[in-house]
Structure formats: structure tokens, C-alpha cells
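Below is one structure; the comments refer to it alone.
Protein chains in written order, with my numbering: chain C, 9 to 267; chain A, 143 to 419.
Given below as C-alpha cells:
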């Protein structure tokens, strides 16, 4: 493949749990096209200030040029966690917020860097938790990571903590992987509920996966909302926040956001 | 499938703590010399603390739970202390904001180097120990039934209410079976009301936890409590597993001759419907 002939196009959707507002959504996504960096995060619902932590992680990772090795993560997370937790100490909190803040925020995270070399695209991914990368080619899954089986979701994975004491050794637990992309490959970054759905439906009912692909092709957010509502109603998709970002290699260039 | 409803602000669930506060609850319990009433009040305060924390989002409390504490002994009635005194079906947000007092306690937290350090924390107290009078279990269940009859019509699609009953002795106002069965026949669209019973004993008798049948039960009183205990739904069996207990399918939410560990686990397991939105 001749890289300069190709373009990277991105489409992403973000939806809160049914019955909640978008402002209550604890999933987050961010991208920096110029740096070729794309990421999603999923704040742990029962932890403190997780929406801000997920947004902080994605925004800062996408804006960074490094952060692709395990060693780079711990010092970066320490700075980010301290910045987040400083916000909580600015004024007295009620006892329950103080108690919750003591444990800090937690989030799953996955980041994808796509690097154009002379004659091809090389990708690298860093992940902790149950947000997933799914690499597809010709409508089939090439790679799914860090989780590849639908039954492996839902087992309280290790998440990224904001609390400095809890961050010790966390870098070692990151999954780091890389590979190269062929012409017309796509990468999906997904938070856990939609990732589990996608992997399961890829074998059980591929027509539903094709339906989702079409909605992404058409950048049809309203259609996506209806699609998610239907999948939740028939219990195929757990009622959780949904973040989905598709990074497709191939013309035409476009970037669309919704939700 | 029953017991699968999401718990949300528009569809909250309900917990009723039904506590024996008879005179015998002043007897010692476990290895230390702590009184049963003191231990139970402490566990209930901790349980309320945990329920509040589970609903905390930043400084907002999401009202996933409505909470009542009913005590029975010299009298039967609501057992909150302080400004919630006399209240039932209290939204968890109000529970959070209105403890009777905040005590200072020491808590051990990780020091980041593999050890623990002590830290001062504020610990809310909502109920104080009480122990006097007999064991009017029938009157207590009658009050619970009445509370449920108030709550259910307005929450027809909610995760069913959970009644956590703790006692140390037999009823002194008759056989509670009929009223308890009436409670167990009440329901939401997601399933019947859950009634779990924990019997505690000061004698170091053999404890029986979450049995699946009556064969190992020592007497009629144990069999009575077994029969008025709901089978543990799957989500509660998972909670039992999380605290290290193995339960058979069909295991009842019932403990007999429980010790302090059993009581703490009983409240942990019984307040674990986890499907929060």
C-alpha cells in the first residue's frame, strides 16, 4: 500500500446509559489527527469523579507525542492524578464525598497511535481495563484486544487509578501491542458493553454488525441512537455508556463527531 | 427473569432493616465482650454508610434506595436516631445528609509501600443500640407489611424490596409465619419481596448459613425461620461467593446461630443487588 495515497477517516459516537443525560456519560473519547492518536476511556461508575478522570486521560493522551510504552505511563499518570485530586481539596467536602474521594477515580483506557511510514501505516496500542481495540479487514476481525472473548467481559478488570498510592506498578499491567495496517483496514475503539456486543455478534449475528458498520459509514448518529436502543431493549447490549470510534484507512478523508 | 430490574433514580429499590431490640440483645456476643445490640447497631451503621457511598457521584447522592429501620422490643417502630427519628422509606440522599452524628474513627489505609497507616475519618451514626422488652415479631412483621403496602404501588417495576431481619430469639407474640408469608407474596413486576432472616446466638452453638433444605436444622424455631426466608437469587449468591461463602442453588437467605462474622456477611450479602444504572 502506498501510504500517501490513503487517508485516515474517523467517526465516533458517544451515548449515555438509557435514562441518563449525555452530561452524565462516564465514557470519553479524544483524538488528534495530526499526531495520529485516538483513544477512548470508561470511567468506573462507582468511583469518584470518574467522568472527569476519563475525559482527562483521553484529552491528555491524545495531545501527547509519547506515552506508547509501559515505562512512560507511571510518571505521566502520577502528574495527571495529582492534578485531578488537587481539585477535590479546594474546599471541604461532605463526609460521603470525602470518603469516596479517598479511594479516587478509576477508568479503563485504550489508545491507538497510527504512524505513517514511507510505504505503510504502522499501529501501536496501549490499554488497561476492558475497553477494546478491534482491527477489522474485509468485515472480519483480525485482532481484538486486550479482550477477545465476549465471556471475558464483566470480571472487574484492573483500571487506571487517579490515586498515587494505587498507581504503583500500574505501568506493568498495561497491554502494549503493535502491527501494520493494510489498505482499507479499520480500527474500532470501543468501551466494554459495545465491545462485548461486537465480538459476540460477529459470530452469532453478523448482519447486526454490518448494520452498525453502515451507520458508521453514513455517520448517522440518530440511526445509531435507535440501533443502540433496540439492542438494549432486546438485552443484546448491556445498558451502559457507549463510546465507539472508528479509524478507517482509505479515502475519502473526513472527520465527523456526534453525540 | 426475576431480580434483574435496573435500580435507577426513577426506579429505586427499598431496604427495610428489621431489628430485634429485645432485652436479650444486651447479652454478650462473640469472643469479645461486645453486646449483641452494640454489634448490630455498628453493622447497620456500616451498611448504611456503604449504601450511601455506592450512590455517591461527586457531591451528589443518586437516590437509588429508600431505607427504613424498624426496631422491635419494648415497642415496635422506626429506629433511626437524630433528625430522621420516626421516619421510614427515607431516600438515601437524605440518609447521607442527616446522620444523627459524625464520630471520628481511625481507619487503616495502604501507605503505598505495602504497609498500612492509620487515618482519621468521619464515621456517620444513624442508629444507637437499644435492648429492652420482649420479642414481638408478629407486630414487627405487621409493620413491615404495612410499609411495603405503602411503597409497592408507587414502584411497580422496581427491583423488589429487601427485608433484612435480625433476631436472637423466638417470637413472644405468636407464630410469625402467616404474616411473613404475606410479605413474601407481595411483589413488583421484577419478582416477590425478598425476606432474609439472620438468627444470632450468644451460646457458641454450631452456626448454619444459607441452607438449601431443613434437614440440618436443630428445632422448630429454626425451621420456622427457614420457611419464611426467600431463596437467594443469583445476584445475592454471587455476593455470597464474593465474601467467601459457597451457596447451593436454592439456598435460603437464612442464618441460624450466627456469630459476628455471619452478621456482617448477612448485611453485606443482603444489600448487594448490584444492577445500578
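Built from N, CA and C at the ideal position, the CB exists for glycine as well.
Practice task
Verify the CB distance criterion: does residue 302 (chain A) have a CB-CB separation below 8 Å to chain C?
Solution key: Indexing the second chain from 1 puts residue 302 (chain A) at position 160. No, because no Cβ of chain C sits closer than 8 Å to the Cβ of residue 302 (chain A).
Practice task
Tell me residue 246 (chain A)'s beta-bridge partners as DSSP assigns them.
Solution key: Looking up residue 246 (chain A) in the second chain gives position 104. Beta-bridge partners assigned by DSSP to residue 246 (chain A): A:264.
Handout entry: Residues from the stretch 200-212 of chain A in contact with chain C, defined by Cβ distance under 8 Å
Key = Answer set for the stretch 200-212 of chain A: 200, 201 and 203.
Handout entry: Nearest neighbour of residue 1 (chain C), chosen from C:123, C:31 and C:132 [CA to CA]
Key = This structure leaves residue 1 (chain C) out entirely; chain C is present only between 9 and 267.
Practice task
Note the first and the last residue of the continuous beta strand (DSSP E) segment covering residue 45 (chain C).
Solution key: Numbered from 1 along the first chain, position 37 holds the residue referred to as residue 45 (chain C). Counting along the chain, residue 45 (chain C) sits inside the beta strand (DSSP E) bounded by residues 45-51.
Exercise for the section: Find the residues of chain A that neighbour residue 57 (chain C), judging by a C-beta separation of less than 8 Å, and give them in chain order. Expected result: Here residue 57 (chain C) corresponds to residue number 49 of the first chain, with the count starting at 1. Those within 8 Å of residue 57 (chain C) in chain A are 200.
Exercise for the section: Identify the contact partners of residue 194 (chain A) in chain C, using a Cβ-Cβ distance below 7 Å as the criterion. Expected result: The residue given as residue 194 (chain A) occupies position 52 in the second chain. Going along chain C in sequence order, the residues near residue 194 (chain A) (Cβ under 7 Å) are 104.
Practice task
Identify every run of the beta strand (DSSP E) within the stretch 172-231 of chain C, keeping only runs that are complete inside it and at least 3 residues long; order them along the chain.
Solution key: Listed in chain order, the complete beta strand (DSSP E) runs (minimum 3 residues) inside the stretch 172-231 of chain C are 183-189 and 194-198.
Practice task
Select from the stretch 144-177 of chain A all residues with a C-beta closer than 7 Å to any C-beta belonging to chain C, and list them in chain order.
Solution key: Residues passing the 7 Å Cβ filter: 148, 150 and 152.
Handout entry: CB contact below 8 Å: residue 197 (chain C) versus chain A
Key = Taking the first chain and counting its residues from 1, one reaches residue 197 (chain C) at position 189. Chain A contact via Cβ: absent.
Practice task
May I ask you to verify whether the stretch 152-163 of chain C touches the stretch 222-237 of chain C, counting CB pairs closer than 8 Å and requiring at least 3?
Solution key: Output reads no: the stretch 222-237 of chain C does not touch the stretch 152-163 of chain C.
Exercise for the section: Locate the beta strand (DSSP E) running through residue 210 (chain A), then write down its first and last residues. Expected result: The count along the second chain starts at 1 and reaches residue 210 (chain A) at position 68. Start and end: 207-214.
Practice task
Please list the partners that residue 238 (chain A) has in chain C, where partner means a Cβ-to-Cβ separation under 9 Å.
Solution key: Counting from one through the second chain, the residue named residue 238 (chain A) turns up at place 96. Neighbours of residue 238 (chain A) on chain C, chain order: 102, 103 and 104.
Practice task
Can you have a look at residue 366 (chain A) and say buried or exposed, based on whether 16 or more other CB atoms are within 10 angstroms of its CB?
Solution key: Here residue 366 (chain A) corresponds to residue number 224 of the second chain, with the count starting at 1. The residue is buried, with at least 16 neighbouring Cβ atoms inside 10 Å.
Problem - Under the three-state DSSP convention, the category residue 315 (chain A) falls into - result: Translated into the one-based positions of the second chain, residue 315 (chain A) becomes position 173. The three-state secondary structure of residue 315 (chain A), taken from DSSP, is coil.
Problem - Per-residue contacts from residue 244 (chain A) into chain C (C-beta, under 8 Å) - result: If you number the second chain from 1, residue 244 (chain A) lands on position 102. What residue 244 (chain A) touches in chain C: 103.
Handout entry: beta strand (DSSP E) segments (min. 3 residues) lying fully within the stretch 261-346 of chain A
Key = Considered as a whole, the stretch 261-346 of chain A harbours 304-309 and 336-342 as its complete beta strand (DSSP E) runs of no fewer than 3 residues, in chain order.
Problem - residue 121 (chain C) versus residue 169 (chain C): straight-line alpha-carbon distance, rounded - result: Walking along the first chain from the start, residue 121 (chain C) turns up at place 113. Walking along the first chain from the start, residue 169 (chain C) turns up at place 161. Just so you know, the alpha carbons of residue 121 (chain C) and residue 169 (chain C) end up roughly 22 Å apart.
Practice task
Determine whether the Cβ of residue 266 (chain A) lies closer than 8 Å to any Cβ atom of chain C.
Solution key: Walking along the second chain from the start, residue 266 (chain A) turns up at place 124. Output row for residue 266 (chain A): interface = yes.
Exercise for the section: Could you tell me which residues DSSP puts in a beta bridge with residue 140 (chain C)? Expected result: Within the first chain, residue 140 (chain C) is the residue found at index 132, counting from 1. Paired residue(s): C:198.
Problem - For residue 356 (chain A), the nearest candidate out of A:146, A:296 and A:395 (CA to CA) - result: The residue you call residue 356 (chain A) lines up with position 214 of the second chain. Of the candidates A:146, A:296 and A:395, A:395 places its Cα closest to the Cα of residue 356 (chain A).
Problem - Separation of residue 336 (chain A) from residue 327 (chain A), as counted between CA atoms - result: Mapped onto the second chain, residue 327 (chain A) falls at position 185. Mapped onto the second chain, residue 336 (chain A) falls at position 194. In a straight line, the C-alpha of residue 327 (chain A) is about 10 Å away from that of residue 336 (chain A).
Handout entry: Contact set between residue 263 (chain A) and chain C, taken where Cβ atoms lie within less than 9 Å
Key = Here residue 263 (chain A) corresponds to residue number 121 of the second chain, with the count starting at 1. Ordered by position in chain C, the residues that pass the 9 Å Cβ test against residue 263 (chain A) are 103, 106, 107 and 110.
Practice task
Mind the definition here: the stretch 90-98 of chain C touches the stretch 148-155 of chain C only if three or more C-beta pairs lie below 8 Å; say whether that holds.
Solution key: Contact fails: fewer than three Cβ-Cβ distances are below 8 Å.
Problem - residue 361 (chain A) versus residue 404 (chain A) - alpha carbon distance - result: Indexing the second chain from 1 puts residue 361 (chain A) at position 219. Indexing the second chain from 1 puts residue 404 (chain A) at position 262. When rounded, the distance between both Cα atoms is 20 Å.
Practice task
Determine the closest residue to residue 118 (chain C) out of C:79, C:172, C:142 and C:83, with distance taken between C-alpha atoms.
Solution key: As a position in the first chain, residue 118 (chain C) is number 110, starting the count at 1. Relative to residue 118 (chain C), the option among C:79, C:172, C:142 and C:83 whose CA is nearest is C:142.
Practice task
Find the nearest neighbour of residue 49 (chain C) within the set C:16, C:206 and C:113, judged by alpha-carbon distance.
Solution key: Taking the first residue of the first chain as position 1, residue 49 (chain C) is located at position 41. Nearest option by C-alpha distance: C:113.
Practice task
Give a yes or no on whether 8 Å exceeds the smallest Cβ distance from residue 8 (chain C) to chain A.
Solution key: Since the first residue of chain C shown is 9 and the last is 267, residue 8 (chain C) is not available in this structure.
Exercise for the section: Can you pull the chain A residues whose beta carbon is under 7 Å from the beta carbon of residue 51 (chain C), in chain order? Expected result: Counting from one through the first chain, the residue named residue 51 (chain C) turns up at place 43. Under the 7 Å cutoff, chain A gives no residues; its nearest Cβ is about 10 Å from residue 51 (chain C).
Practice task
Provide the residue(s) that pair with residue 120 (chain C) in DSSP beta bridges, ordered along the chain.
Solution key: Here the question's residue 120 (chain C) lines up with position 112 in the first chain. C:46 and C:133.
Problem - C-beta contact flag for residue 155 (chain A) and residue 303 (chain A) at 8 Å - result: Along the second chain, one-based indexing puts residue 155 (chain A) at 13. Along the second chain, one-based indexing puts residue 303 (chain A) at 161. Here residue 155 (chain A) is near residue 303 (chain A), since their CB atoms are less than 8 Å apart.
Handout entry: 7 Å CB neighbourhood of residue 369 (chain A) in its chain, flanking five on each side removed
Key = Here residue 369 (chain A) refers to the residue found at position 227 of the second chain. Answer for residue 369 (chain A): 319, listed in chain order.
Exercise for the section: Quickly, what does DSSP pair residue 204 (chain A) with across the bridge? List them, please. Expected result: One-based indexing of the second chain puts residue 204 (chain A) at position 62. Answer is none; residue 204 (chain A) lacks a bridge partner.
Problem - Chain-order list of residues whose beta-carbon lies under 7 Å from that of residue 363 (chain A) (same chain, five-residue window excluded) - result: As a first step, residue 363 (chain A) is located in the second chain; it is residue number 221 there, counting from the start. Once the five neighbours on either side are set aside, the close Cβ partners of residue 363 (chain A) are 312.
Exercise for the section: Could you tell me whether any Cβ in chain A is nearer than 8 Å to the Cβ of residue 27 (chain C)? Expected result: By 1-based counting over the first chain, the position of residue 27 (chain C) is 19. Residue 27 (chain C) counts as touching chain A.
Exercise for the section: Count the other C-beta atoms from every protein chain shown that fall within 10 angstroms of the C-beta of residue 155 (chain C), then say buried if there are 16 or more, exposed otherwise. Expected result: Translated into positions along the first chain, residue 155 (chain C) becomes position 147. Burial call: buried.
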